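A.B. asks: As given, the protein sequences belong to chains A and B, one line each in that order.
Counted the way the numbering used here counts, the first sequence spans residues 1 to 316.
Counted the way the numbering used here counts, the second sequence spans residues 1 to 573.
Just so it is clear, CB atoms sit at the ideal spot from N, CA and C, and this is done for glycine as well.
Keep in mind it's a predicted model, so treat the numbers as computed, not measured.
What follows is a single structure, and I will ask about it in a moment.
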Amino acid sequence: MTQELAIATYGLTKRFEGHMAVNDIDLRIKQGEVYGLIGPNGAGKTTLIRMLAAAEEPTKGEIYLNGDRLLRDDSNPLLKKRIGYLPDDFPLYDDLTVWDYLDYFARLYHLPQPARHRRLLEVLELVQLESKRKSIISTLSRGMKQRLSLARTIIHEPILLLLDEPVSGLDPLARQQFRQIIKILQEAGMTILISSHVLSDLAELCTSVGIMELGFLVESASLKELYRRLSRQQIILSTLGKMEVLQQKLSQNSCVETWETIPQSNSLKVNFTGGETNRAELLRSLILADIPLTEFHYSQEDLETIFLKLGHQQTS
Amino acid sequence: MKNIQLHNSISLWERFLDWNPQLFREIKGKLKTRNVVIAAAISTLVQFVVVISLLGELPAPETKNGYFQSIQSGRYGFGSGYGDRWTYTKDMFDNWVINWQLLWLDLFIALSIISIFALLIVGTYMLVADTVKEESRGTLNFIRLTPQSAGSILLGKILGVPILLYVAMLLFLPLHFTAGLGARIPLTLILSFYGVIVASCAFFYSLALLWSLMNFGSSFKPWLASGAMGLFLFSLTTALFHHPRLISNTLWDWLLLFNPSIVLSYLIDATYLPQHQVDFLPVGNLGELVFYGQAWWTKASWGIGFVLFNLSLWIYWCWSVLKRRFHNPQHTLIGKSQSYWITGWIVAIALGFTLQNTSSYRLTDNFILLQFCLGIFGLGLIAALSPHRQALHDWARYRHQTSREGNVLWKELVFGENSPSTVAVAINLAIAIAYITPSILLHLDRDRHYTLLGFILGAGSIILCAIAAQLILTMKTRKRSALSIITVASMLIIPPLCLGIADIYPQNLPQAWLFSFIPTIATKYATTSAVLLTMLGQWLGVAVIGFQMTRKLQQAGASETKMLLDRTNSLND
């Protein structure tokens, strides 16, 4: 069972004084997934990620990465080569150049020459810092430093990437660049665990989502499953004709739950439960009924709405 | 051809850098042209000043009319005189006759002492400052997450962080080596001296790294470490130049073996220069140093061999503690199993230097000193072995699920991580006393009983301190470390201080002094029943605090459900 999973934790717990930062978590992440971890501040996301990266010792519980037990000593160098960890703060060495910094970490991860040189060039290209390779790190902007940190995280080609709030403090352009890089890494087959308060980014990137609150993992499911279970589908309908005709036709469709009129317009917002076929069927029935439709727009509640609907409070 | 040679040297340099990534990082960060030039300039300037100051002792050149202002004298003359002043004479060709060998030796000694001071004090500062900075900024955590071993990283730090200092010292080498040969010191001894300097650097640098990885303070750490190092070296090196009674034939002599300058005695002796001219600790005096009744230090090979053995032994244990500490900065400083080995070695060597006298009276004093040092060591053990509140609570709460010792309480207390330290401290003291007891019984005459009782009472008070410190470390306050230090210090210092102020001496009221840090000074005057009552009192104290601690740990170990139920029941009542 654990062989197929990139991450499997059993009863993972971390206690600070009497406070349970992470409480008996059984996390399962399949290989190749992009797993988004969301939750309010203090929910235990960072502590969980730190334990998965072997940067924090669990009070109790076990962690398996690709079926191998993760321990916090130097007994498992091979396992450490598989992990790339980017914390929310990213301390760097101000006295080194970009190239020397990456070269140093490539050596720490035993990358031999000439593969090391090649990898350094690849990574610099990926994070778009080729022009800065000879610059001293202290002269870089925050976004560049963040990308350099990501480059350091992936220099040894890890198969598991742990990213804690990677886009915090970045401007929209830098965030978009960062998302692009993550997508490329996902395509390269890396399993990625990413915690973020920017839920729109997660919705774009993730295949699965876990919600943490008060140290518990209260929800863990694929994004599709989450949308299917918790997200309401809505269809916006506008007509040039009479609203009563449209409403009468809608009442005959079994997939239509409720609707509400949008004030000061000849439009309705319909809560719909069916799938794609049912939607097509509804559209066809409305056209066959000669209703002069000007709009038939389908939408789904986004991740943030689902999160708030679950009773959680997301701080962004 | 030149290109091939250049390529070979580049690839050799690359291979050297490949060997240790941490060394690569330090070289890239620190070995910059500007820094190297500054280091080289300082090194050359120091050598220039030393040479000039020595040449100042030579006779002044003649004036034009060949008239001397007076009879010239100085350190390097061959004529009559005393101390540092000898008149300069001329040979039949009217040239000054100068004791060049002594001048070379002085140069050799001066450069040696400067090198040792620079390497140990500045090197310690650099290492501690660098590691503390990395730890506080969080960069060290990234290195911990890489597949590199602790040994490789720390070796890279030791070789790389003081690299500019090494460059400066390497520039000392040609003149130093030439001075040694000029003073007619055998090559093997010069090389052995270099070996001792390297070993002492390895030891003190490992100690510096250990110090920087301890979880307290940060800004003052480098200054405190290099300050202590400076004080240690300055006092011991000054003593070497003013040697009367340097060898005290007590445990203090052990400290001498950590100062690499002591080896200079053998090098000076090999020059056959008269002792009164050199004025450094003579080998004859060093021969008074005895270890388990054997005077190992009379011969250079054995003496240097023992110095190297002593340093190597403690380098080994420093590294074993460092390797554990590097990956687990939240754990106790040393593991319980490690502590038994370290205690064993320390006591074995300490007893060797204690048994340096045949007179029973002086030997008793030596044993009192040993007991005092054992007490200090015991306090060190308490600090190094006692887990803090969080670790203790986790142990109490989850030991049933996480224990590696098969959930057997005594095994956990003796060997386990994060379990309370009291039992382990008691075992360490028992090991020490068990090893020391046969020597007390064999070598002491009348004093053997009260000395032995003194050791046992001393151990009792340390155990009492250990359990009190451990209890305070479970308190819910951020100042618990400071509080436990204050408590232990007041338990040890206040009673003798009060007794001293009240003019109560061990002879007058020995019972009161039995509770002090060195009970051996009072056991001589106390009755057996008083000693037994004191022991009983100590163990009663241990039992009461132990009971209180068990209660606290049981509370901490209760599950959240149990705590909730207890609270509900108390509300209902």
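With a threshold of 8 angstroms on Cβ separation, who are the neighbours of Lys145(A) within its own chain once the five nearest residues in sequence on each side are excluded?
C.D. replies: Within the first sequence, residue 145(A) is the residue found at index 145, counting from 1. These residues qualify, in order along the chain: Phe90, Leu92, Ile137.
A.B. asks: Listing by chain order, which chain B residues have their CB less than 9 angstroms from the CB of Pro77(A)?
C.D. replies: By one-based count along the first sequence, residue 77(A) stands at place 77. In chain order: Thr146, Pro147, Gln148, Ser149.
A.B. asks: Quick one: is His388(B) near chain A, going by C-beta distance under 8 angstroms?
C.D. replies: Taking the second sequence and counting its residues from 1, the one referred to as residue 388(B) is at position 388. False, the Cβ-Cβ gap to chain A never drops below 8 angstroms.
A.B. asks: Which of the three DSSP states is assigned to Glu204(A) in this structure?
C.D. replies: Locating residue 204(A) in the first sequence gives position 204, where the first residue counts as 1. Correct three-state label for Glu204(A): helix.
A.B. asks: Is Tyr64(A) close to chain B, meaning its C-beta is less than 8 angstroms from at least one C-beta of that chain?
C.D. replies: Taking the first residue of the first sequence as position 1, residue 64(A) is located at position 64. Not closer than 8 angstroms to any Cβ of chain B, the Cβ of Tyr64(A) fails to qualify, so no.
A.B. asks: Got a sec, what are the start and stop residues for the beta strand (DSSP E) Asn23(A) sits in?
C.D. replies: Taking the first residue of the first sequence as position 1, residue 23(A) is located at position 23. Counting along the chain, the beta strand (DSSP E) containing Asn23(A) begins and ends at 19–25.
A.B. asks: Give, in chain order, every unbroken run of the beta strand (DSSP E) that is at least 3 residues long and sits entirely within the segment 67–136 of chain A.
C.D. replies: Here the runs fully enclosed are 83–86.
A.B. asks: Among residues of its own chain, excluding the 5 on either side of Leu251(B), which ones have a beta-carbon nearer than 8 angstroms to its beta-carbon?
C.D. replies: By one-based count along the second sequence, residue 251(B) stands at place 251. Hits under 8 angstroms: Ala350, Phe353, Thr354, Asn366, Leu369, Leu370, Cys373.
A.B. asks: Output, in chain order, the set of chain B residues within a Cβ distance shorter than 8 angstroms of Lys80(A).
C.D. replies: Start at 1 with the first residue of the first sequence, and residue 80(A) comes out as number 80. Chain B residues near Lys80(A): Leu145, Thr146, Pro147.
A.B. asks: When DSSP labels each residue in this structure, what does Thr239(A) get in the three-state scheme?
C.D. replies: In the first sequence, the residue the question calls residue 239(A) occupies position 239. It is a strand residue.
A.B. asks: Counting only beta-carbon separations shorter than 8 angstroms, does Ala8(A) have a partner in chain B?
C.D. replies: One-based indexing of the first sequence puts residue 8(A) at position 8. Not an interface residue.
A.B. asks: With 16 as the cutoff for other CB atoms within 10 Å, does Phe48(B) come out buried or exposed?
C.D. replies: Residue 48(B) sits at position 48 when you count from the first residue of the second sequence. Answer is exposed; the Cβ neighbour count stays below 16.
A.B. asks: Nearest-angstrom Cα distance between Gln3(A) and Trp211(B)?
C.D. replies: For the purposes of this step, residue 3(A) is identified with residue 3 of the first sequence, where counting begins at 1. For the purposes of this step, residue 211(B) is identified with residue 211 of the second sequence, where counting begins at 1. Because the pLDDT of Gln3(A) is 47, which lies under 50, any placement of that residue in the model is unreliable, and the question is left without a value.
A.B. asks: Name the residues in the segment 20–31 of chain B whose C-beta lies less than 7 angstroms from a C-beta of chain A; which are they?
C.D. replies: Listed by position, the residues of the segment 20–31 of chain B near chain A (Cβ gap below 7 angstroms) are Pro21, Phe24, Arg25, Lys28, Gly29.
A.B. asks: Going along chain A in order, which residues have a C-beta closer than 8 angstroms to the C-beta of Thr87(B)?
C.D. replies: Residue 87(B) sits at position 87 when you count from the first residue of the second sequence. Under the 8 angstroms cutoff, chain A gives no residues; its nearest Cβ is about 57 angstroms from Thr87(B).
A.B. asks: Could you tell me which uninterrupted alpha helix (DSSP H) segments, each at least 4 residues in length, are contained entirely in the segment 186–227 of chain B, listed from first to last along the chain?
C.D. replies: Here the runs fully enclosed are 187–212.
A.B. asks: Using the three-state DSSP reduction, which class does Ile194(A) fall into: helix, strand or coil?
C.D. replies: In the first sequence, the residue the question calls residue 194(A) occupies position 194. Ile194(A) falls in the strand class under three-state DSSP.
A.B. asks: Please state whether DSSP places Gly156(B) in a helix, a strand or coil.
C.D. replies: Position 156 of the second sequence, counting from 1, holds the residue named residue 156(B). In this structure, Gly156(B) counts as helix in the three-state DSSP scheme.
A.B. asks: So Pro91(A) contacts chain B; which residues on that side make the cut at Cβ distance below 7 angstroms?
C.D. replies: Residue mapping note: residue 91(A) aligns to position 91 of the first sequence, counting from 1. In chain order: Arg137, Gly138, Thr139.
A.B. asks: Look at the Cβ atom of Pro261(B), then the Cβ atom of Thr238(B), and state whether they are nearer than 8 angstroms.
C.D. replies: What you label residue 261(B) is simply residue 261 of the second sequence in a count that begins at 1. What you label residue 238(B) is simply residue 238 of the second sequence in a count that begins at 1. Correcting the residue identity first, residue 261(B) is Ser in this sequence and not Pro. No, they are not a contact pair.
A.B. asks: On the three-state DSSP scale, how would you describe Ser8(A)?
C.D. replies: Here residue 8(A) refers to the residue found at position 8 of the first sequence. Position check: residue 8(A) holds Ala in this sequence, whereas Ser was assumed. Strand at Ala8(A).
A.B. asks: What span of residues does the beta strand (DSSP E) with Ala179(B) cover, start to end?
C.D. replies: To locate residue 179(B), count along the second sequence from 1; it is residue 179. Ala179(B) -> not in any beta strand (DSSP E); alpha helix (DSSP H) instead, spanning 163–182.
A.B. asks: For Ala489(B), is the classification buried or exposed, using 16 other Cβ atoms within 10 angstroms of its Cβ as the cut-off for buried?
C.D. replies: In the second sequence, counting from the first residue as 1, residue 489(B) sits at position 489. So Ala489(B) counts as exposed.
A.B. asks: Could you work out which residues of chain A lie near Gln330(B), taking near to mean beta carbons separated by less than 7 angstroms?
C.D. replies: Numbered from 1 along the second sequence, position 330 holds the residue referred to as residue 330(B). Correct list: Glu57.
A.B. asks: Would you grab the beta carbon distance between Leu286(A) and Ser267(A) for me? Rounded to a whole angstrom, and I think it's under 8 angstroms.
C.D. replies: Working through the first sequence from its first residue, we reach residue 286(A) at position 286. Working through the first sequence from its first residue, we reach residue 267(A) at position 267. Leu286(A) to Ser267(A), Cβ: 14 angstroms. No contact.
A.B. asks: Name the chain B residues that come within less than 9 angstroms of Leu96(A), Cβ to Cβ?
C.D. replies: Counting from 1 along the first sequence, the entry for residue 96(A) is found at position 96. Here the neighbours are Arg25, Lys28, Gly29.
A.B. asks: Thinking C-alpha only, which one of Lys157(B), Leu105(B), Gln390(B), Phe203(B) is nearest Ala183(B)?
C.D. replies: As a working note, residue 183(B) is residue 183 in the second sequence. Among Lys157(B), Leu105(B), Gln390(B), Phe203(B), the Cα nearest to that of Ala183(B) belongs to Leu105(B).
A.B. asks: Only counting the same chain, and skipping five residues up and downstream in sequence, which positions put a Cβ closer than 6 angstroms to that of Gln314(A)?
C.D. replies: Taking the first residue of the first sequence as 1, we reach residue 314(A) at position 314. Here the model assigns Gln314(A) a pLDDT of 46, short of 50, so the residue's position is not dependable, and the following value carries that caveat. So the list reads Phe307, once near-sequence residues are dropped.
A.B. asks: Please classify Ile113(B): does DSSP put it in a helix, a strand, or coil?
C.D. replies: Stepping through the second sequence from its first residue, residue 113(B) is reached at position 113. Ile113(B) falls in the helix class under three-state DSSP.
A.B. asks: Does the beta-carbon of Arg82(A) have 16 or more other beta-carbons within 10 angstroms, so that it is buried, or is it exposed?
C.D. replies: Indexing the first sequence from 1 puts residue 82(A) at position 82. Flag for Arg82(A) reads buried.
A.B. asks: Could you say which of Ile154(A), Leu185(A), Arg142(A) lies nearest to Leu173(A) if we only look at CA atoms?
C.D. replies: By 1-based counting over the first sequence, the position of residue 173(A) is 173. Among Ile154(A), Leu185(A), Arg142(A), the Cα nearest to that of Leu173(A) belongs to Arg142(A).
A.B. asks: Which residues in the same chain have their Cβ closer than 8 angstroms to the Cβ of Val127(A), if we skip the five residues on either side of it in sequence?
C.D. replies: In the first sequence, counting from the first residue as 1, residue 127(A) sits at position 127. Taken in chain order, the residues that qualify are Arg147, Leu148, Leu150, Ala151, Ile181.
A.B. asks: Quick check: Leu37(A) and Lys30(A), are their CB atoms within less than 8 angstroms of each other?
C.D. replies: Numbered from 1 along the first sequence, position 37 holds the residue referred to as residue 37(A). Numbered from 1 along the first sequence, position 30 holds the residue referred to as residue 30(A). No.
A.B. asks: CB-CB under 7 angstroms to Leu189(B), same chain, minus the five flanking residues each way: which ones, in chain order?
C.D. replies: Position 189 of the second sequence holds residue 189(B). Answer for Leu189(B): Tyr266, Leu267, Ala270, Ala300, listed in chain order.
A.B. asks: Compute the Euclidean distance between the alpha carbons of Gln507(B) and Thr523(B), then round it to the nearest angstrom.
C.D. replies: If you number the second sequence from 1, residue 507(B) lands on position 507. If you number the second sequence from 1, residue 523(B) lands on position 523. Near 10 angstroms, if we compare the C-alpha coordinates of Thr523(B) and Gln507(B).
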